[in-house]
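A.B. asks: Protein chains in written order, with this note's numbering: chain A, 531 to 844; chain B, 207 to 757.
The beta-carbon is built from N, C-alpha and C at its ideal position, and this holds for glycine as well.
Dropping the structure in here first, questions after.
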Amino acid sequence: MLRYVALRGLKGIPVLLGVSLAVFMMLHALPVDPVRMLAMDSMTGTAPTTGVSGDTYKNLRHQLGLDKPLAVQFVLFVWNAAHGNLGESFRNNRSVADMLFEQLPSTIRLTAAGLAIAVLSGLALGIAAALKPNSVLDTISMGLAILGVSMPVFWLGLMLIYIFSLWLNLVPAAARGPESVVLPAVTLGFQGSAIIARLTRGSLIEVLQSEYVRTAWAKGLSQWPVVVRHALKNALVPVVTVVGLQFGSLLSGAVVIETVFARQGIGSLAVQGIVEHDFPLVQGFVLIAGVAYTLANILVDVLYAALDPRIRFE
Amino acid sequence: MTSLGNRHKGSGVLTRRQLLATAALGTMGAACVPLAALSRVQIAQAQAPSKPGGEVIVANLARPRSLDPNVWTGYSDNMIMRQIYDPLIWSVKPGVYMPGLATSWSISKDGKSYTFHLRGDVKFHDGTPFNADAVKFTFDRIVDPKTRSLQGPAVGPYDHAEVVNESTIIIQLKEAFAPLLNNLSGTALSPVSPTAAKRLGDNYAQSPVGTGPFMFEKWSGNDLYLVRNPDYKWQPRFMNHQGPAYLEHLVFKTIPEEATRMIALQRGEVSAVYFPALDQVARYRTDKNYQVFEFTTPGHVQSFPMNVKLAPTDDLRIRQAILYGVSRKRIVDLVEYDNANVAYGPFSSTTPFFDQAVKQDYPYDKRKAGELLDSAGWKMGSGGVRRKGSDTLRLQVVMFDSGPLKQMAEVTQAMLTELGFDVALDVTGYDAFAKRVTDGTYNLSEIVYVGLDPNVPAFLMYDSSQITGGGQFNRCRIADPKLDALIAEGRQSTDPRQRQHAYFAVQKYVMDNALLLPAWENSLLTIATSAMIGMSFDLEGRWLFYNVSMK
Chain A
531 MLRYVALRGL KGIPVLLGVS LAVFMMLHAL PVDPVRMLAM DSMTGTAPTT
581 GVSGDTYKNL RHQLGLDKPL AVQFVLFVWN AAHGNLGESF RNNRSVADML
631 FEQLPSTIRL TAAGLAIAVL SGLALGIAAA LKPNSVLDTI SMGLAILGVS
681 MPVFWLGLML IYIFSLWLNL VPAAARGPES VVLPAVTLGF QGSAIIARLT
731 RGSLIEVLQS EYVRTAWAKG LSQWPVVVRH ALKNALVPVV TVVGLQFGSL
781 LSGAVVIETV FARQGIGSLA VQGIVEHDFP LVQGFVLIAG VAYTLANILV
831 DVLYAALDPR IRFE
Chain B
207 MTSLGNRHKG SGVLTRRQLL ATAALGTMGA ACVPLAALSR VQIAQAQAPS
257 KPGGEVIVAN LARPRSLDPN VWTGYSDNMI MRQIYDPLIW SVKPGVYMPG
307 LATSWSISKD GKSYTFHLRG DVKFHDGTPF NADAVKFTFD RIVDPKTRSL
357 QGPAVGPYDH AEVVNESTII IQLKEAFAPL LNNLSGTALS PVSPTAAKRL
407 GDNYAQSPVG TGPFMFEKWS GNDLYLVRNP DYKWQPRFMN HQGPAYLEHL
457 VFKTIPEEAT RMIALQRGEV SAVYFPALDQ VARYRTDKNY QVFEFTTPGH
507 VQSFPMNVKL APTDDLRIRQ AILYGVSRKR IVDLVEYDNA NVAYGPFSST
557 TPFFDQAVKQ DYPYDKRKAG ELLDSAGWKM GSGGVRRKGS DTLRLQVVMF
607 DSGPLKQMAE VTQAMLTELG FDVALDVTGY DAFAKRVTDG TYNLSEIVYV
657 GLDPNVPAFL MYDSSQITGG GQFNRCRIAD PKLDALIAEG RQSTDPRQRQ
707 HAYFAVQKYV MDNALLLPAW ENSLLTIATS AMIGMSFDLE GRWLFYNVSM
757 K
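See below:
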């Protein structure tokens with residue numbers, strides 16, 4: 531099993547390289563001048579209080595390594611990244627690795643909480659709906675699922691703040707502290723739970739109709755052991771795969787949620803980097819997100835095989 | 207006394223006596239250190255004396271990128287830096303300066319040598335002494351390429367600094383540079399602790415060490431915590447008290463989402479909001495629990511510069527028609543919800559040497575606009591578009607998407623269309639916009655600029671060297687040696703009358719040649735709870751939290 535994980539890990543490296551290269555090319559293909567952006571107060575869009583001279587631009591460009599050929603810049607990035615050096619932010623010369631890892635725990639807390647909510651509520655809704663198909667419970671659950679999938683994450687977040695913060699006065703709008711993760715996690719997890727609910731329902735209904743389950747009924751086993759020991763394990767196979775894919779959208783959702791709820795995290799750093807054309811920061815974020823995504827999918831594959839003995843490590 | 211809910215407008219010039227009287231009464235929140243921007247100072251009813259203690263939490267738009275004043279020019283961050291650092295001199299009225307960390311100064315006859323005498327009782331927040339070496343260090347690091355400073359233009363033709371003794375320093379310039387005193391009164395040239403800067407290197411920007419009334423305490427996530435400097439006693443004379451600041455804590459909470467900021471204010475989670483939602487401001491103006499501070503920044507107004515090199519705006523009559531035919535009041539009402547002054551010329555009314563005469567230029571007159579276009583040969587055709595021969599009157603407008611700019615462009619486009627223009631409006635990200643600016647493929651673009659010294663908007667926006675050089679802020683692309691000479695005269699002269707003559711001439715030239723379509727005077731809004739008293743601003747609109755206390 532260790533060999534399998536290691537092999538999968540190795541296979542992730544070309545993926546990470548490819549993603550980094552794609553983002554690198556996109557950043558440099560845009561008619562973008564990060565040095566000009568440095569002089570802008572990007573949040574308000576106003577030019578700085580004193581003009582920046584042409585010489586300053588040239589010096590800055592050289593200091594930031596932007597006057598080197600593109601291929602050289604990319605190779606340097608890869609080489610440094612392999613040694614744990616993600617470069618320095620254009621904006622404030624701080625180590626990108628320091629900036630990202632300082633704020634990473636906040637994003638991990640948010641994403642983990644969101645994932646937990648998505649999985650737990652999605653499974654619960656999906657199982658309940660599958661056990662009583664076409665009932666009122668089923669209709670309501672699936673109705674909620676459609677809502678969850680159609681609502682923009684951004685809008686849902688603001689609505690929850692209005693309701694729980696302004697009207698019901700239960701939580702601060704710009705909350706800090708450990709309990710501040712609740713509303714953002716709910717917002718984040720809502721969409722994922724909708725998808726998981728629908729998939730679980732469909733998959734479980736199908737499994738419950740298969741022959742071996744009907745055999746178990748016939749043998750006189752009561753509902754719960756059948757569902758949990760036999761049906762659920764098989765029904766969860768496609769669900770687990772989807773959860774792995776959902777992890778990616780949770781990460782991107784975190785970018786929006788961190789802005790709406792005024793949380794720190796690598797998502798809000800990514801926004802900052804993109805708006806300001808802070809190339810090293812963006813590349814660093816993409817790399818970390820890529821690694822996280824790869825690890826999540828390795829985990830999914832391992833779980834997958836654990837659930838279904840027919841699938842073994844090749 | 208008028209409540210703080212009213213907007214302070216108009217211009218007023220205070221005498222020194224009124225100023226001292228006001229300070230002596232410990233006025234509350236008539237936001238002012240005397241300024242052309244805010245109104246005549248209101249002499250308040252006697253208030254209970256301010257007591258020390260308390261905390262102010264300001265909801266801020268974004269995490270401060272850098273708190274290094276010698277390196278970073280970001281306006282919002284400089285507002286925070288004003289609390290952490292002191293300048294050598296303070297400007298209380300345009301062109302009038304007061305001692306800060308420097309007790310006195312003199313300028314040589316040729317304008318190239320500035321001698322400053324410094325206070326001897328000042329310490330940096332890390333306990334190290336403030337002295338001439340620190341000032342030299344500050345100037346030198348700005349011009350040192352290793353620092354990667356963006357504040358080069360603030361020191362202008364700086365050559366070197368000479369430390370005469372602990373409390374005397376001579377700043378030597380290569381040529382006369384009138385804006386230096388103004389720049390010294392800002393934040394760019396604030397002394398930083400050499401010990402801290404050398405020790406922390408690039409990380410200094412995240413843990414600033416100045417001499418100001420508030421010290422850096424910590425970062426908590428993206429929130430910045432400042433704490434009172436207990437040793438502070440070198441405040442300038444115009445402040446409303448002496449010694450350490452009243453407030454114990456000053457927090458800048460980062461809340462990027464506008465709606466969330468407003469909810470936080472309503473719930474009392476924060477005491478003040480910077481960049482409030484414009485459409486909600488009116489409500490807070492009339493609410494006794496809140497006060498709205500509106501500061502019109504000096505410098506260049508929010509405007510559409512018109513490209514004189516590209517048809518049809520290469521024709522003066524077309525440009526004048528645009529000025530007559532677009533209602534600026536309508537733009538301000540629709541886009542800024544009437545939270546800014548209408549602009550008339552290139553400089554905002556709070557800029558030194560602003561010429562009131564520009565207010566008479568180009569009153570809104572659609573009929574006159576139509577006549578001008580007719581006389582230029584562009585006759586109204588079918589479909590509401592003017593034609594000359596086989597050509598249509600086509601305007602290319604470029605804008606970048608930030609805040610109200612897109613709406614500003616769209617509202618203007620609608621009014622131009624009524625006049626018979628075929629307007630192609632491109633609203634893009636900043637870089638694509640900047641590329642169009644560089645290539646010159648536009649008739650109307652955008653510019654706004656904050657700067658106290660009139661040299662800033664005059665030089666950057668109208669000097670011929672700034673079309674392709676510098677930040678490319680000369681977007682009307684005027685290149686006239688006569689205009690360049692007027693601008694240079696303003697920059698190099700230290701005689702206020704001569705400067706006024708030069709800058710009045712610059713403004714007249716700009717308006718006579720219809721180089722821009724002004725929209726509104728850039729205004730900064732802060733909404734605060736009424737419990738926060740004593741708020742005032744410096745001449746460039748930065749908060750002065752030193753004066754603030756909580757009821």
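Closest to B/Thr623 by CA distance: which of B/Gln357, B/Ala582, B/Ala575, B/Asp539 is it?
C.D. replies: Locating residue 623 of chain B in the second sequence gives position 417, counting from the first residue. For the residues B/Gln357, B/Ala582, B/Ala575, B/Asp539, the minimum Cα distance to B/Thr623 belongs to B/Ala575.
A.B. asks: Hey, which unbroken runs of the alpha helix (DSSP H) at 4 residues or more fall wholly within the stretch 526–586 of chain B?
C.D. replies: Complete alpha helix (DSSP H) runs here, min 4: 534–541, 572–581.
A.B. asks: Under three-state DSSP, which class holds B/Asp632?
C.D. replies: Within the second sequence, numbered from 1, the residue matching residue 632 of chain B stands at position 426. In this structure, B/Asp632 counts as strand in the three-state DSSP scheme.
A.B. asks: Taking 8 Å as the threshold (beta carbon to beta carbon), is B/Tyr668 in contact with chain A?
C.D. replies: Counted from its first residue, the second sequence places residue 668 of chain B at position 462. For B/Tyr668, the answer is no, since every Cβ of chain A falls outside 8 Å of its Cβ.
A.B. asks: For B/Asn428, which three-state DSSP category applies?
C.D. replies: Your numbering for residue 428 of chain B matches position 222 in the second sequence. Three-state result, B/Asn428: coil.
A.B. asks: Since A/Asp563 meets chain B, which of its residues come closer than 8 Å, beta carbon to beta carbon?
C.D. replies: Numbered from 1 along the first sequence, position 33 holds the residue referred to as residue 563 of chain A. Asp637, Ala640, listed in chain order.
A.B. asks: Applying a beta-carbon distance threshold of less than 8 Å, which residues of chain B neighbour A/Pro702?
C.D. replies: Along the first sequence, read from residue 1 onward, the residue named residue 702 of chain A stands at position 172. In chain order: Ala470, Arg473, Glu475.
A.B. asks: For B/Asp283, is the classification buried or exposed, using 16 other Cβ atoms within 10 angstroms of its Cβ as the cut-off for buried?
C.D. replies: For the purposes of this step, residue 283 of chain B is taken as residue 77 along the second sequence, with counting starting at 1. Classification for B/Asp283: buried.
A.B. asks: What's the C-alpha gap between A/Gln603 and A/Asn622?
C.D. replies: Taking the first residue of the first sequence as position 1, residue 603 of chain A is located at position 73. Taking the first residue of the first sequence as position 1, residue 622 of chain A is located at position 92. Near 20 Å, if we compare the C-alpha coordinates of A/Asn622 and A/Gln603.
A.B. asks: Grab me the residues of B/Val762's own chain with a C-beta within less than 7 Å of its C-beta, minus the 5 sequence neighbours each way, in chain order.
C.D. replies: Since the first residue shown for chain B is 207 and the last is 757, residue 762 of chain B is missing from the structure and cannot be characterised.
A.B. asks: Among B/Pro660, B/Ile295, B/Lys299, which one has its Cα closest to the Cα of B/Pro305?
C.D. replies: The count along the second sequence starts at 1 and reaches residue 305 of chain B at position 99. Closest option to B/Pro305, Cα to Cα, is B/Ile295.
A.B. asks: Could you give the C-beta distance for B/Leu432 and B/Leu456, rounded to a whole number, given that I count them as a contact under 8 Å?
C.D. replies: Along the second sequence, read from residue 1 onward, the residue named residue 432 of chain B stands at position 226. Along the second sequence, read from residue 1 onward, the residue named residue 456 of chain B stands at position 250. About 4 Å separates the two Cβ atoms, so the contact holds.
A.B. asks: For B/Ser245, which three-state DSSP category applies?
C.D. replies: Counted from its first residue, the second sequence places residue 245 of chain B at position 39. Confidence is the limiting factor: at B/Ser245 the pLDDT is only 33, short of 50, which leaves the residue's position unreliable, though a coordinate-based value still follows. In this structure, B/Ser245 counts as coil in the three-state DSSP scheme.
A.B. asks: Am I right that B/Leu453 and B/Arg434 are in contact with their C-beta atoms under 8 Å? What's the rounded C-beta distance?
C.D. replies: By 1-based counting over the second sequence, the position of residue 453 of chain B is 247. By 1-based counting over the second sequence, the position of residue 434 of chain B is 228. Confirmed, about 6 Å.
A.B. asks: In this structure, what does DSSP give as the bridge partners for B/Ala465?
C.D. replies: Start at 1 with the first residue of the second sequence, and residue 465 of chain B comes out as number 259. DSSP, once it has assigned bridges, lists no residue as partnering B/Ala465.
A.B. asks: Once the 5 residues before and after B/Leu231 are set aside, which same chain residues still bring their CB inside 6 Å of it?
C.D. replies: Position 25 of the second sequence holds residue 231 of chain B. For B/Leu231, the predicted structure reports a pLDDT of 42, less than 50, and the residue's modelled location is therefore unreliable. The matter cannot be settled from this model.
A.B. asks: So is B/Leu692 buried or exposed if we call it buried at 16+ other beta carbons inside 10 Å?
C.D. replies: As a working mapping, residue 692 of chain B is identified with position 486 in the second sequence. By the neighbour-count rule (16 or more Cβ atoms within 10 Å), B/Leu692 is buried.
A.B. asks: If you draw a straight line from the alpha carbon of A/Ala675 to that of A/Leu780, how long is it in whole angstroms?
C.D. replies: Reading the first sequence from its first residue, position 145 is the one you call residue 675 of chain A. Reading the first sequence from its first residue, position 250 is the one you call residue 780 of chain A. Taking the straight line joining both Cα atoms gives about 17 Å.
A.B. asks: Taking 8 Å as the cut-off, decide whether the C-beta atoms of A/Arg793 and A/Leu616 are in contact.
C.D. replies: Taking the first sequence and counting its residues from 1, one reaches residue 793 of chain A at position 263. Taking the first sequence and counting its residues from 1, one reaches residue 616 of chain A at position 86. Contact: no.
A.B. asks: Note down the Cα distance separating A/Leu833 from A/Ile804, rounded to an integer number of angstroms.
C.D. replies: The residue given as residue 833 of chain A occupies position 303 in the first sequence. The residue given as residue 804 of chain A occupies position 274 in the first sequence. Answer to the nearest angstrom: the Cα atoms are 35 Å apart.
A.B. asks: For A/Arg840, go through chain B and note every residue whose CB falls closer than 8 Å to its CB, in chain order.
C.D. replies: As a position in the first sequence, residue 840 of chain A is number 310, starting the count at 1. Under the 8 Å cutoff, chain B gives no residues; its nearest Cβ is about 47 Å from A/Arg840.
A.B. asks: Quick check: the Cα distance between B/Ile528 and B/Met468, rounded to an integer number of angstroms?
C.D. replies: Position 322 of the second sequence holds residue 528 of chain B. Position 262 of the second sequence holds residue 468 of chain B. Roughly 37 Å between the two C-alpha positions.
A.B. asks: Cβ of B/Glu727 less than 8 Å from any chain A Cβ?
C.D. replies: Here residue 727 of chain B is taken as the residue at index 521 of the second sequence, counted from 1. Answer no: the Cβ-Cβ gap between B/Glu727 and chain A never drops below 8 Å.
A.B. asks: Threshold first: 3 residues or longer. Then list the beta strand (DSSP E) segments lying entirely within the stretch 707–743 of chain B, N to C.
C.D. replies: Segments of the beta strand (DSSP E) lying fully in the stretch 707–743 of chain B: 722–726, 729–735.
A.B. asks: Do you know how far the Cα of A/Leu630 is from the Cα of B/Ala465?
C.D. replies: Counting from one through the second sequence, the residue named residue 465 of chain B turns up at place 259. Counting from one through the first sequence, the residue named residue 630 of chain A turns up at place 100. So the two alpha carbons sit approximately 27 Å from each other.
A.B. asks: Is the CB-CB distance between A/Ser782 and A/Thr789 below 8 Å?
C.D. replies: By 1-based counting over the first sequence, the position of residue 782 of chain A is 252. By 1-based counting over the first sequence, the position of residue 789 of chain A is 259. Against a cut-off of 8 Å, the Cβ pair of A/Thr789 and A/Ser782 comes out as no contact.
A.B. asks: With a Cβ-Cβ cutoff of 8 Å, do A/Tyr742 and A/Phe777 count as a contact?
C.D. replies: Within the first sequence, numbered from 1, the residue matching residue 742 of chain A stands at position 212. Within the first sequence, numbered from 1, the residue matching residue 777 of chain A stands at position 247. No, Cβ-Cβ distance for A/Tyr742 and A/Phe777 is not below 8 Å.
A.B. asks: Look at the alpha carbon of B/Leu721 and the alpha carbon of A/Asp808, and state the distance between them as a whole number of angstroms.
C.D. replies: Sequence index remark: in the second sequence, residue 721 of chain B carries index 515 (1-based). Sequence index remark: in the first sequence, residue 808 of chain A carries index 278 (1-based). Roughly 34 Å separates the two Cα atoms.
A.B. asks: Less than 6 Å between C-beta atoms, sequence neighbours within five positions excluded: which residues of the same chain meet that for B/Phe751?
C.D. replies: Indexing the second sequence from 1 puts residue 751 of chain B at position 545. So the list reads Gln289, Leu456, once near-sequence residues are dropped.
A.B. asks: Which residue comes first and which comes last in the alpha helix (DSSP H) that contains A/Val712?
C.D. replies: For the purposes of this step, residue 712 of chain A is identified with residue 182 of the first sequence, where counting begins at 1. It spans 712–738 - the alpha helix (DSSP H) in which A/Val712 sits, taken as one unbroken run.
A.B. asks: So what does DSSP say about B/Gln472, is it helix, strand or coil?
C.D. replies: Numbered from its first residue, the second sequence carries residue 472 of chain B at position 266. Three-state DSSP puts B/Gln472 in a helix.
A.B. asks: Check the C-beta distance from B/Leu658 over to B/Asn388 and give it rounded, since I have them as a contact under 8 Å.
C.D. replies: Locating residue 658 of chain B in the second sequence gives position 452, counting from the first residue. Locating residue 388 of chain B in the second sequence gives position 182, counting from the first residue. Confirmed, about 5 Å.
A.B. asks: Does the distance from the C-beta atom of B/Lys318 to that of B/Ala382 stay below 8 Å?
C.D. replies: Here residue 318 of chain B refers to the residue found at position 112 of the second sequence. Here residue 382 of chain B refers to the residue found at position 176 of the second sequence. Yes, the Cβ-Cβ distance between B/Lys318 and B/Ala382 is below 8 Å.
A.B. asks: Kindly say whether B/Asn428, judged by its beta-carbon, lies nearer than 8 Å to any beta-carbon of chain A.
C.D. replies: By one-based count along the second sequence, residue 428 of chain B stands at place 222. Closer than 8 Å: yes.
A.B. asks: Check whether chain A comes within 8 Å of B/Glu464, counting only Cβ atoms and requiring the distance to be less than that.
C.D. replies: If you number the second sequence from 1, residue 464 of chain B lands on position 258. No, because no Cβ of chain A sits closer than 8 Å to the Cβ of B/Glu464.
A.B. asks: CB B/Ser729 to CB B/Phe501, shorter than 8 Å?
C.D. replies: Working through the second sequence from its first residue, we reach residue 729 of chain B at position 523. Working through the second sequence from its first residue, we reach residue 501 of chain B at position 295. Contact flag set, yes.
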